[in-house]
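Colleague: Starting off with a structure, shown below.
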Amino acid sequence: MTALLPELDSERISALLRSASDDDKTVLQAIHPAQIDHRLEIARRFFGSISGAGGGGAGLDIEGKAVLEVGCGQGDMTVVLAELVGEKGRVVAIDPAPLTYGSPLTLGEAQAVLQKTAVGSRMTFLQADVPSFFSQQAPEQPSSPTRPQSFDTAILAHCLLYFSSAAELSQTLTELRRSARVQHLCLAEWDLAASRSEAVPHLLALLAQAFLPQAEANVRTLFSREQVRRIAEGAGWRLRCESTIVSPPRMQDGRWEVDLALGLEAARLRSVHSAARLRSVHSAARVESERERDVTTFSTMCDSIRAHLPTPGSSKGVACVDVWTAVFDAV
Numbered sequence: 444m445t446a447l448l449p450e451l452d453s454e455r456i457s458a459l460l461r462s463a464s465d466d467d468k469t470v471l472q473a474i475h476p477a478q479i480d481h482r483l484e485i486a487r488r489f490f491g492s493i494s495g496a497g498g499g500g501a502g503l504d505i506e507g508k509a510v511l512e513v514g515c516g517q518g519d520m521t522v523v524l525a526e527l528v529g530e531k532g533r534v535v536a537i538d539p540a541p542l543t544y545g546s547p548l549t550l551g552e553a554q555a556v557l558q559k560t561a562v563g564s565r566m567t568f569l570q571a572d573v574p575s576f577f578s579q580q581a582p583e584q585p586s587s588p589t590r591p592q593s594f595d596t597a598i599l600a601h602c603l604l605y606f607s608s609a610a611e612l613s614q615t616l617t618e619l620r621r622s623a624r625v626q627h628l629c630l631a632e633w634d635l636a637a638s639r640s641e642a643v644p645h646l647l648a649l650l651a652q653a654f655l656p657q658a659e660a661n662v663r664t665l666f667s668r669e670q671v672r673r674i675a676e677g678a679g680w681r682l683r684c685e686s687t688i689v690s691p692p693r694m695q696d697g698r699w700e701v702d703l704a705l706g707l708e709a710a711r712l713r714s715v716h717s718a719a720r721l722r723s724v725h726s727a728a729r730v731e732s733e734r735e736r737d738v739t740t741f742s743t744m745c746d747s748i749r750a751h752l753p754t755p756g757s758s759k760g761v762a763c764v765d766v767w768t769a770v771f772d773a774v
């Protein structure tokens, strides 16, 4: 168990952020308090000892160690990890997304706020995915505080949906096992379960986005926990423990995903109607017919989202689906 975990709470993280900026709005946009609370709960499942319903914690100790975070985004989890590794630890956080990606603050803007905090020197942000990160790590290159040659633990928190395929996820987990000499793998992602009825629209929105993936959508590939377990085990990892988190009511991700899915529906329908007017040959018409059927199915899924909204015609009141966490050890 990481010794610093019991004394860490959302107020301490919020105070860190406030110390980095005089603008309270900027601080709130960098990481919302609800997101901090959720990342702290994820950390408890990885690094704490938890008993009772929902599963137990893994009790990993990362204080003073090098940790690699994959798919760090704006740094919601990174700042929590930076607190937990302590003064002698290091968090290297990588993400292939452009620094201009994200809202209301971009990745670059949010990461800049975090690096101005008292734990900023413990964090290194790099624009890379796992294969490109390790391809830049020459075997003869000496280890440094900002670029360790090996990591005790790798964390992927709420980034699995961004992988383009199961093959890409498998490659990433295999690379972590072989190249980084990582001993522990910690995963957290939306589960395909809704403990609260208000979370059903979020679940449907995830399924809808995965059915018609596109660059603007948050969901590229939707994995079940069973699929991720199989991929991880095939990449050389053994499951130590897993648990389920019922998402806190203040989390807004469910609303965001619902709004995004319904917005994509309108764009898809416009595209199909435009293509229908341009059909000229039989083969092209057949292809467009298949595409139109897919969009019709997607639109049906969006109708199902609307039918389950707690507030008719609005995403207000939509909750988040459960979160699955798992810790694996290197075989």
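One point on numbering: in the working numbering, the residue at position 298 of the sequence shown is 741, and numbering is uninterrupted.
For every residue, glycine included, the Cβ atom is placed at its ideal position computed from N, Cα and C.
Just so it is clear, the structure is predicted and the values come from calculations on it, not from any experiment.
Decide if the region 526 to 541 is in contact with the region 618 to 627; the criterion is three or more beta carbon pairs, one per stretch, under 8 Å apart.
Modeller: no
Colleague: Count the other CB atoms, across all protein chains shown, that sit within 10 Å of the CB of K559; report buried if there are 16 or more and exposed otherwise.
Modeller: Taking the sequence shown and counting its residues from 1, the one referred to as residue 559 is at position 116. K559 is exposed by the Cβ-count criterion.
Colleague: Label D538 either buried or exposed according to how many other C-beta atoms from any shown protein chain fall within 10 Å of its C-beta, with 16 as the threshold for buried.
Modeller: In the sequence shown, residue 538 corresponds to position 95, counting from 1. Buried, because 16 or more other Cβ atoms sit within 10 Å of the Cβ of D538.
Colleague: Is T521 helix, strand or coil by DSSP?
Modeller: Your numbering for residue 521 matches position 78 in the sequence shown. Here T521 sits in helix by DSSP.
Colleague: Whole angstroms is fine: what's the gap from A463's alpha carbon to W680's?
Modeller: Walking along the sequence shown from the start, residue 463 turns up at place 20. Walking along the sequence shown from the start, residue 680 turns up at place 237. Separation of A463 and W680 (C-alpha to C-alpha, rounded to the nearest whole angstrom) is 38 Å.
Colleague: Report the three-state DSSP secondary structure of F771 (helix, strand or coil).
Modeller: Here residue 771 refers to the residue found at position 328 of the sequence shown. Note: F771 maps to strand in three-state DSSP.
Colleague: On the three-state DSSP scale, how would you describe E530?
Modeller: In the sequence shown, residue 530 corresponds to position 87, counting from 1. Reduced to three states, the DSSP call for E530 is coil.
Colleague: By Cβ distance below 8 Å, which residues in the same chain neighbour D765 in space, the five residues on each side in sequence not counted?
Modeller: Translated into the one-based positions of the sequence shown, residue 765 becomes position 322. Result list for D765: W633, D634, A636, A637, S638, A642, T687, I688, V689, S690, in chain order.
Colleague: So is Q579 buried or exposed if we call it buried at 16+ other beta carbons inside 10 Å?
Modeller: To locate residue 579, count along the sequence shown from 1; it is residue 136. By the neighbour-count rule (16 or more Cβ atoms within 10 Å), Q579 is not buried but exposed.
Colleague: If we call anything under 8 Å between Cβ atoms a contact, is A501 one with C684?
Modeller: Taking the first residue of the sequence shown as position 1, residue 501 is located at position 58. Taking the first residue of the sequence shown as position 1, residue 684 is located at position 241. Going by C-beta atoms, A501 is nearer than 8 Å to C684.
Colleague: Buried or exposed: K759, going by 16 or more other Cβ atoms within 10 Å of its Cβ?
Modeller: Translated into the one-based positions of the sequence shown, residue 759 becomes position 316. K759 comes out exposed.
Colleague: Counting only the same chain and skipping the five closest in sequence on each side, list residues whose C-beta sits under 8 Å from that of A561.
Modeller: Taking the sequence shown and counting its residues from 1, the one referred to as residue 561 is at position 118. Here the set comprises L459, S462.
Colleague: Short of 6 Å in beta carbon distance, which residues of its chain neighbour L646, apart from the five on each side in sequence? Order them along the chain.
Modeller: The residue given as residue 646 occupies position 203 in the sequence shown. A637, V764, listed in sequence order.
Colleague: If you draw a straight line from the alpha carbon of E708 to that of C745, how long is it in whole angstroms?
Modeller: Here residue 708 corresponds to residue number 265 of the sequence shown, with the count starting at 1. Here residue 745 corresponds to residue number 302 of the sequence shown, with the count starting at 1. For E708 and C745, the distance between alpha carbons rounds to 7 Å.
Colleague: Compare the Cα-Cα distances from D595 to each of T768, K508, V662, E552 and report the closest residue.
Modeller: Along the sequence shown, one-based indexing puts residue 595 at 152. Per the Cα distances, K508.
Colleague: Quick one: grab the DSSP three-state call for I505.
Modeller: As a first step, residue 505 is located in the sequence shown; it is residue number 62 there, counting from the start. In the structure shown, I505 sits in coil (DSSP, three-state: anything other than H, G, I, E or B).
Colleague: Between which two residues does the alpha helix (DSSP H) containing E454 stretch?
Modeller: Residue mapping note: residue 454 aligns to position 11 of the sequence shown, counting from 1. Bounds of the alpha helix (DSSP H) holding E454 are 453 to 463.
Colleague: Identify the residues that DSSP records as bridge partners of E632: which are they?
Modeller: Mapped onto the sequence shown, residue 632 falls at position 189. The partner list for E632 (beta bridge, DSSP) reads W767.
Colleague: Where G498 and E735 are concerned, what is the direct C-alpha to C-alpha distance, given to the nearest angstrom?
Modeller: On the sequence shown, residue 498 is found 55 positions in, with the first residue counted as 1. On the sequence shown, residue 735 is found 292 positions in, with the first residue counted as 1. For G498, the predicted structure reports a pLDDT of 49, less than 50, and the residue's modelled location is therefore unreliable. The matter cannot be settled from this model.
Colleague: Per DSSP, which residues does H627 bridge with? Please list them.
Modeller: Working through the sequence shown from its first residue, we reach residue 627 at position 184. Answer is T596, D772, bridged to H627.
Colleague: Look up S757 in the DSSP assignment and give the residues it is bridged to.
Modeller: By 1-based counting over the sequence shown, the position of residue 757 is 314. Bridge partners of S757: T754.
Colleague: In three-state terms, what does DSSP make of A660?
Modeller: Residue numbering aside, residue 660 sits at position 217 when the sequence shown is read from its first letter. DSSP places A660 in coil when its eight states are reduced to three.
Colleague: DSSP on V643, reduced to helix/strand/coil?
Modeller: Within the sequence shown, the letter at position 200 stands for residue 643. It is helical.
Colleague: What is the DSSP secondary structure of T445, reduced to helix, strand or coil?
Modeller: Within the sequence shown, residue 445 is the residue found at index 2, counting from 1. Correct three-state label for T445: coil.
Colleague: If you count every other CB in all the chains shown that lies within 10 Å of the CB of E700, and 16 or more means buried, which is it?
Modeller: Here residue 700 is taken as the residue at index 257 of the sequence shown, counted from 1. When all chains shown are included, E700 counts as buried.
Colleague: What distance in whole Å lies between the Cβ atoms of V528 and I598, which are believed to be in contact at a cut-off of 8 Å?
Modeller: Position 155 of the sequence shown, counted from the first residue, corresponds to residue 598. Position 85 of the sequence shown, counted from the first residue, corresponds to residue 528. Not quite, the Cβ-Cβ distance comes to about 11 Å (not below 8 Å), so this is no contact.
Colleague: Is L503 closer than 8 Å to T445 when the C-beta atoms are compared?
Modeller: The residue labelled residue 445 in the question sits at position 2 within the sequence shown. The residue labelled residue 503 in the question sits at position 60 within the sequence shown. The criterion of a C-beta distance shorter than 8 Å is satisfied by T445 and L503.
Colleague: If you draw a straight line from the alpha carbon of E669 to that of L557, how long is it in whole angstroms?
Modeller: As a working mapping, residue 669 is identified with position 226 in the sequence shown. As a working mapping, residue 557 is identified with position 114 in the sequence shown. Spanning the two alpha carbons is a distance of roughly 34 Å.
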